[in-house]
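So the number in the working numbering is just where the residue sits in the sequence shown, counting from 1, plus 17.
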Amino acid sequence: MSDRDMSARLRAATKAANEAVAERLPIEDHSAFEAATRGKIAELPEGGVAAPGGRTAWNISDYDFLQQECPETANPSLWRMARLNAISGLFEVCDGVWQARACDYANMTIIRGETGWILVDPLMTRQTSAAALHMVNDTLGDRPISAILVTHTHPDHFGGLRGVAPDPDSAPPIYAPEGFMDYAASEGILGGNHMMRRATYQFGLTLPTSPEGTIDGGIGKSPAKGERTFVPPSDYITYTGEERVIDGVRFVFQMASGTEAPAEFTFLLPDHRVLCMAEVCTQTMHNLLPPRGAEARDARLWARTIDEALVMFGDQADILINCHNWPVFGQEDLKLFLAEQRDIYKYTHDQTLRLANLGHTPNEIAQMLKEPAWLSTKFHARGYYGSLSFNARAIYQFYFGFYDGNPVNMNPLPPSELGTHIVAAIGGPERTLEIARDALEQDQLQWAATLLSHLVFAGHDGAKPDLALAYRHMGYRMESGIMRNCYLMAARELEEGITPLPMVGGRNADLAQTLPALDWCDAYALRLNPDRAQDVRLTLALIVDGTDLTVFVDRQTEFARQAAPATPPDASLTIAQTQLEAIVSGTSTLDDALAEGAEASDPAIIQHWLDMHDAFAFWFPIASP
Ligand SMILES: [Zn+2]
């Protein structure tokens with residue numbers, strides 16, 4: 018079959034698959050659109066939000082194409098969600114409470130305090146949070162910021178802190194859940210380079226926004242492409258039931274740590290009868306494991322936490338808001354919403370473990386786990402962000418880890434070696450390609466992609482266009498916005514190569530500054546290249562912003578201890594963490610630091626130590642070797 022006929026056949030199959038979704042689900046149900054547009058009073062100025070270097074951090078009109086009818090290249094259920102998430106602006110939730118929605122990936126909530134604005138979750142970048150605040154002051158009148166709440170540790174909720182609190186020394190009180198600092202930096206720093214690169218897939222960051230590109234991120238459009246900042250919290254919420262009066266407004270908090278994020282709270286505003294579920298509830302099934310990678314989340318605790326909120330707050334609230342998506346209005350509706358949100362995690366948890374206890378393994382469970390019947394009419398629990406199959410695998414991983422018990426999977430071959438053997442066993446690349454193209458013709462996309470990926474990893478670049486074709490059509494059929502993005506990113510990189518994008522990736526330098534010196538050293542130690550460290554024995558005294566540390570390099574391992582060396586070190590270095598961070602990020606050198614006041618007893622030894630560490634390139638290949 019010619020390439021052109023193949024393309025036409027797949028387009029027809031994708032069209033049919035997407036039409037079947039539209040037939041099965043009540044796509045025309047308009048009630049969510051009423052909730053998502055209710056109370057709109059302003060929007061960001063036309064032209065979007067500028068970012069440094071003449072770039073654009075955010076422009077919601079990039080998504081104007083969503084006003085068209087659902088194209089063949091999109092799952093109609095996702096298209097509906099994409100339109101809802103593109104409803105952007107400032108919305109009055111009730112007297113005294115507003116939300117800036119679709120001004121970045123997450124929402125910023127604004128509460129009228131006695132003396133100023135109380136802001137909840139000031140977005141992801143300095144530019145977008147400043148623009149959202151500008152819209153608030155322009156519309157509601159200029160007021161100072163009297164307090165800021167950060168509901169949890171994920172950067173889309175705090176990266177914009179300096180857009181609303183430019184000077185950390187005179188910042189308003191910043192409230193966060195206890196444990197915030199232990200996690201906010203660690204998730205983004207230790208595995209940060211790997212996770213951030215995979216996040217470019219999850220969010221489709223180098224894709225065009227178009228009917229053939231990225232259309233939605235499930236819990237919002239996409240992270241803004243601006244400058245991520247940080248200001249450390251000044252006050253911590255520690256227990257469920259904790260009550261605070263913040264700038265004259267009563268808050269009752271619930272701890273939700275260990276559910277959607279390792280440190281998180283929800284809160285009730287009893288005088289407004291508004292319940293904010295942070296990101297514990299959203300208008301979609303959340304993920305128990307994001308495709309970008311993270312520690313798997315506890316679905317049972319998640320369900321219990323939602324139920325606790327239902328019991329504690331259900332009778333005291335008439336409106337439920339979240340830090341993503343739009344509100345739920347009405348007490349009965351919000352109680353039902355909470356029960357259904359709870360049950361989607363409980364269902365997935367229990368059914369995964371039922372099947373596991375019957376002896377099934379992750380790939381079997383993901384296929385066997387059927388959508389519960391009620392889900393076909395409850396869009397808020399459908400998988401636009403998480404999905405049943407991905408979440409089932411996450412629950413398996415949470416309880417059992419990566420190994421499924423079958424010894425063949427104890428030590429599988431790496432992809433290139435496996436691909437080479439499989440291609441040879443099939444009878445060579447031509448024969449493998451032939452079988453893969455037969456599978457494509459029969460619309461067996463996963464099987465075709467499996468064979469084609471073996472070819473690509475065996476070094477047969479000629480298979481890349483067919484693999485891209487398979488991924489593209491898998492993406493076009495996805496209900497999950499972020500799984501769509503992953504497939505389409507892979508397709509694009511297979512066809513066009515990797516296209517680096519500025520203002521994407523890299524670590525949040527503000528945040529890295531806040532790491533305790535010992536944790537900073539741990540994050541540096543994992544760069545040690547064992548070949549360069551062979552036969553090296555080194556003891557260094559490090560004094561970082563006045564903290565004494567000993568760094569040992571021995572047995573090809575680097576270990577840091579928070580204490581001055583017990584025996585005379587080989588060299589000592591007195592330095593600021595900002596200077597160390599600048600050296601590691603490549604914007605400065607040891608010589609620069611020494612010229613700026615750092616002190617080394619023997620600069621050559623320190624340089625040798627620095628030289629034993631790898632730099633991490635960000636744009637490593639994912640869908641090819
Ligand atoms: Zn978020």
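Don't be surprised by glycine CBs; every beta carbon is placed ideally from N, CA and C.
Which value, in whole angstroms, describes the spacing of the CA atoms of residue i and residue j?
i	j	result
P185	A334	34 angstroms
D367	M629	48 angstroms
I336	A475	55 angstroms
T226	N502	11 angstroms
K32	R97	16 angstroms
G64	A409	42 angstroms
Q85	P228	9 angstroms
V153	T567	49 angstroms
R549	G205	26 angstroms
F346	Y416	37 angstroms
R118	G230	22 angstroms
P307	N426	23 angstroms
R26	H490	11 angstroms
Measuring CA to CA, which of the options is closest to residue i?
i	options	result
I639	A164, F415, R215	R215
G237	F635, L140, V553, S393	L140
V440	E458, L430, D478, L468	L468
L555	N426, L83, E575, D565	E575
A721	T246, V425, F346, Y420	Any question about residue 721 goes unanswered here, given that the chain covers just 18 to 642.
P379	V328, F407, K352	F407
Q116	A99, L136, A103	L136
G70	F633, T591, R578, L518	L518
I361	D324, S163, L430, F175	D324
Spatial neighbours of residue i within its chain, please: C-beta separation below 7 angstroms, excluding the five flanking residues on both sides.
i	result
G56	F108, E109, V110
S470	L484
Any heavy atom of ligand 1 closer than 7 angstroms to the Cβ of residue i?
i	result
C340	yes
D233	no
A123	yes
H171	yes
P165	Sequence check: residue 165 is Ile here, not Pro. Checking every heavy atom of ligand 1 against the Cβ of I165, none is found closer than 7 angstroms.
E496	no
I639	no
E281	no
H174	yes
I236	yes
E616	no
E613	no
E51	no
E296	yes
Shorter than 8 angstroms from the beta carbon of residue i to some beta carbon of chain C?
i	result
E195	Chain labels in this structure do not include chain C; a single protein chain is all it has.
Just curious, the alpha helix (DSSP H) that residue i is in, first and last residue?
i	result
V181	178 to 181
V153	143 to 157
T449	446 to 458
W626	620 to 628
F415	405 to 417
S94	93 to 102
E325	316 to 330
T436	The sequence shown places Gly at residue 436, rather than the Thr named in the question. Unbroken alpha helix (DSSP H) run through G436: 432 to 443.
Could you give the residue range of the beta strand (DSSP E) that holds residue i?
i	result
M272	266 to 272
T365	First-last for T365: 348 to 374, but that is the alpha helix (DSSP H), not the beta strand (DSSP E).
L166	162 to 166
I382	Not the beta strand (DSSP E): I382 falls in the alpha helix (DSSP H), residues 379 to 385.
A74	72 to 75
T126	125 to 129
P194	191 to 194
E510	That residue, E510, is in no beta strand (DSSP E); its alpha helix (DSSP H) goes 498 to 513.
Please work out which residues of its chain come closer than 8 angstroms, Cβ to Cβ, to residue i, disregarding the five sequence neighbours upstream and downstream, and give them in chain order.
i	result
L627	I600, L607
L611	A617, P620
D199	P279, A280
Could you pull out every residue in the same chain whose Cβ sits closer than 6 angstroms to the Cβ of residue i, ignoring the five residues on either side in sequence?
i	result
N339	M294, C298, T299
F569	T556, F576
Could you check if residue i belongs to the surroundings of ligand 2, using beta carbon to heavy atom distance under 7 angstroms?
i	result
A373	This structure simply doesn't include ligand 2; it includes ligand 1 instead.
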